[in-house]
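Chemist: Sharing a structure with you now.
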Amino acid sequence: MSTPHTVSAAAYLPRDTADVVRTVRDSRDRSQSLAVHGGEPALDGLAVPDQRAVVSLRRMNSVLDLNLGRGTVRVQAGARLSDIDRRLGAHGLGLPIVGDHRDITAGGFASVGGVSTASHRYGMFIDQIVDLEYVDTDGRIGTCGRHHHTERFHRILGAGGRAGIITALTLDTIEIDKDRTWLSTQADRFLDFDTFVEHAHAEITRPGAAVLQVGRWVDTAPLKVSRPVGTGRVQLGTVRFGQWSSLYPTSPTRSLRARREVGSRARKSLGAIASASSGKAGMPVRNAAAGAVMFTPKVLTLRDAEYLADTVISSSERGPAYRVGVFAPTANYTSVFYRLHDLFSGHRERTGCFTVISAMTYGVRSRYLRSESAGRGLPAVDHGLITFTCRLRPSALPSEQLRDIVTGIDEICRSENALRYESAD
Ligand SMILES: Cc1cc2nc3c(=O)[nH]c(=O)nc-3n(C[C@H](O)[C@H](O)[C@H](O)COP(=O)(O)OP(=O)(O)OC[C@H]3O[C@@H](n4cnc5c(N)ncnc54)[C@H](O)[C@@H]3O)c2cc1C
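Take the sequence shown: its position 15, counted from the start at 1, is 15 in full-length UniProt numbering, and no numbers get skipped.
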């Protein structure tokens with residue numbers, strides 16, 4: 001799913017921590033700045049050419065130690081979470097938070113924070129890190145963790161690679177068999193935004209036994225289609241709908257297993273077709289692929305459910321977009337959701353800069369986030385993550401509009417004790 005990056009000045013592929021030290025010292029001596037990548041650099045819709053030298057940790061991908069007594073695993077930072085999780089599976093263990101696609105590396109996820117549809121139970125990926133080894137910007141090796149050099153630990157986590165390069169991490173695991181844990185989806189659908197937000201708030205506050213949870217809302221601008229030449233355009237109207245999915249443990253019957261097989265084959269085919277379709281002509285297929293993700297299958301395994309979005313949505317989400325994530329304290333969740341929605345739809349109405357506005361949301365009970373909040377003088381409470389993705393019309397978002405939007409988001413966060421989800425990039 002990653003697109004090769006074509007524009008960097010040089011690429012380093014260290015194999016171990018000593019290589020990373022040499023790379024950092026080398027580039028410091030040449031006054032060359034480094035861009036760190038976990039695996040293959042991906043080219044985002046809004047990415048600009050980067051002239052920094054690239055250091056990719058994709059060859060530092062080993063599992064170094066599995067401590068069954070402590071239930072921890074030590075890995076090199078370039079190891080993909082999906083690979084670590086498979087290795088753990090052989091011992092009846094797993095990672096509680098893995099992100100939504102298979103290419104995410106341990107160091108990359110630690111550097112952004114890491115949330116998932118299991119975050120209402122397990123918090124962020126950062127919460128699972130016991131300790132880590134890093135190379136600082138002067139090329140010195142250091143270690144820090146939950147119980148030692150905690151200030152340094154907090155500076156490196158979520159820093160987007162600016163506070164040094166993470167080279168190895170020790171992670172907590174949980175006892176779980178992801179291939180034999182079957183989940184049943186309880187899906188509620190909404191045509192009305194207010195009811196969707198109220199429902200999401202209730203589920204985030206009281207998730208019950210849900211193993212995974214996620215809410216999605218999609219709101220299109222009026223769809224216009226061209227008639228044959230000369231007969232004008234037809235307006236189809238606005239599509240607005242939402243779905244809340246909670247996935248609970250279940251024991252599958254034989255017929256439900258068979259349905260799961262058919263469903264997962266259909267989604268994979270749709271994903272392959274969506275990947276191959278580009279431009280305007282491919283739009284209906286990509287929209288259908290996005291729709292398939294909304295309609296989570298009735299029964300599936302935990303491993304399938306964790307990567308459901310990866311099956312189809314990566315291809316359907318192409319194209320330039322403005323994205324933002326906000327952690328809202330549960331008490332202010334509905335107000336933050338309404339205000340963000342009004343901000344984006346107001347801009348779309350006034351300027352026409354966005355086409356589809358979509359939101360994704362779930363609960364986050366994170367030790368790390370509570371301590372971050374306390375450190376900023378905010379209440380140490382649980383949060384709901386609200387992410388908005390606003391598809392841009394082909395002409396880029398003018399910088400003064402972008403400034404207005406950023407100011408609007410900052411004001412919402414300040415007045416609602418909410419935190420913006422961002423790396424230091
Ligand atoms: C702010 C942000 C938050 C995201 N949150 C999520 C999320 O919660 N859930 C999800 O599924 N996806 C998330 N994504 C999308 C993407 O899946 C993550 O960025 C994921 O971490 C990518 O993994 P990667 O290993 O390819 O890292 P990259 O994309 O290569 O790097 C991600 C960031 O981490 C830095 N970095 C990478 N490796 C290291 C290292 N070893 N040491 C120090 N810095 C390093 C990079 O410089 C970059 O800033 C997020 C993206 C961003 C930008």
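For each residue, glycine too, the CB sits at the ideal point set by N, CA and C.
(1) Are the CB atoms of Asp-103 and Gly-39 nearer to each other than 9 Å?
(2) Enumerate, from N- to C-terminal direction, the unbroken alpha helix (DSSP H) stretches of 4 or more residues contained entirely within the region 365 to 420.
(3) Based on the DSSP output, what are the partners of Gln-76 in its beta bridges?
(4) Is it the case that the region 347 to 365 contacts the region 386 to 406, given that we only count it when at least three CB pairs across the two stretches are under 8 Å?
(5) For Arg-414, count neighbouring Cβ atoms within 10 angstroms of its own Cβ and tell me buried if that reaches 16, exposed if not.
(6) Quick check: what's the CA-CA separation for Ile-176 versus Leu-212?
(7) Quick check: what's the CA-CA separation for residue 447 versus Pro-297?
(8) By a C-beta neighbour count over all protein chains shown, 10 Å radius and 16 as the cutoff for buried, is Arg-339 buried or exposed?
(9) Beta carbon of residue 466, beta carbon of Leu-302: below 9 Å?
(10) Contact check, Gly-215 vs Phe-196 under 8 Å by CB: the rounded distance?
(11) Using 10 angstroms around the beta-carbon of Thr-253, count the other beta-carbons present and answer buried if the total reaches 16, otherwise exposed.
(12) In terms of DSSP beta bridges, what is Ser-184 paired with?
(13) Does the distance between the C-beta of Phe-109 and the nearest non-hydrogen atom of ligand 1 fall short of 8 Å?
(14) Work out the CA separation of Ile-174 and Arg-121 for me, nearest whole Å.
(15) Can you give the beta carbon distance from Pro-249 to Ala-200, rounded, assuming they're within the 8 Å contact cut?
(16) Please list the segments of the beta strand (DSSP E) lying wholly inside the region 74 to 138, counting only runs of 3 or more residues, in order along the chain.
(17) Can at least three beta-carbon pairs, one atom from the region 10 to 27 and one from the region 55 to 63, be found at a separation below 8 Å?
(18) Using the Cβ count rule (16 or more neighbours within 10 Å means buried), how would you classify residue 460?
(19) Between Leu-378 and the rest of its own chain, which residues show a CB-CB distance below 6 Å, the 5 nearest in sequence each way excluded?
(20) With a 10 Å radius around its C-beta and 16 neighbouring C-beta atoms as the bar for buried, classify Gln-32 as buried or exposed.
(21) Cβ atoms of Thr-330 and His-167: under 9 Å apart, would you say?
(22) Would you check whether ligand 1 has a heavy atom nearer than 8 Å to the C-beta of residue 448?
(23) Compute every distance between the C-beta of His-383 and the non-hydrogen atoms of ligand 1, then say whether any falls below 8 Å.
(24) Does Ala-380 pass the burial test, meaning 16 or more other C-beta atoms within 10 Å, or should it be called exposed?
(25) Note the first and the last residue of the continuous alpha helix (DSSP H) segment covering His-199.
(26) Would you check whether ligand 1 has a heavy atom nearer than 8 Å to the C-beta of residue 466?
(27) On a CA-only basis, which of Glu-198, Leu-34 and Leu-300 is nearest Tyr-333? Give me that one, please.
(28) If I measure Cβ to Cβ from Ser-373 and keep anything under 6 Å in the same chain, skipping five residues before and after, which residues do I get?
(29) Look at Gly-139 and Val-24 and say whether their C-beta atoms are less than 9 Å apart.
(30) Can you tell me which of the three DSSP states His-37 falls into?
(31) Could you give the DSSP three-state label for Ala-159: helix, strand or coil?
Modeler: The structure says:
(1) yes
(2) 367 to 375 and 399 to 416
(3) Ala-168
(4) yes
(5) exposed
(6) 14 Å
(7) A question about residue 447 goes unanswered here, because the residues of the chain that appear run from 1 up to 425.
(8) buried
(9) Because the chain in this structure spans residues 1 to 425, residue 466 falls outside the shown range and cannot be described.
(10) 7 Å
(11) exposed
(12) Tyr-248 and Val-299
(13) yes
(14) 12 Å
(15) 22 Å between Cβ atoms; not a contact.
(16) 129 to 135
(17) yes
(18) Past the edges of the chain, shown from 1 to 425, lies residue 460, and the structure says nothing about it.
(19) Asn-417
(20) exposed
(21) The sequence given here places Thr at residue 167; His does not occur at that position. No; because the gap between Cβ atoms is not below 9 Å, this pair is not in contact.
(22) One cannot answer for residue 448 here, as it falls past the ends of the chain, which runs 1 to 425.
(23) no
(24) exposed
(25) 193 to 205
(26) Summary: the structure shown does not reach residue 466, with the chain confined to residues 1 through 425, and so no result is reported for it.
(27) Glu-198
(28) Ala-380
(29) yes
(30) strand
(31) coil
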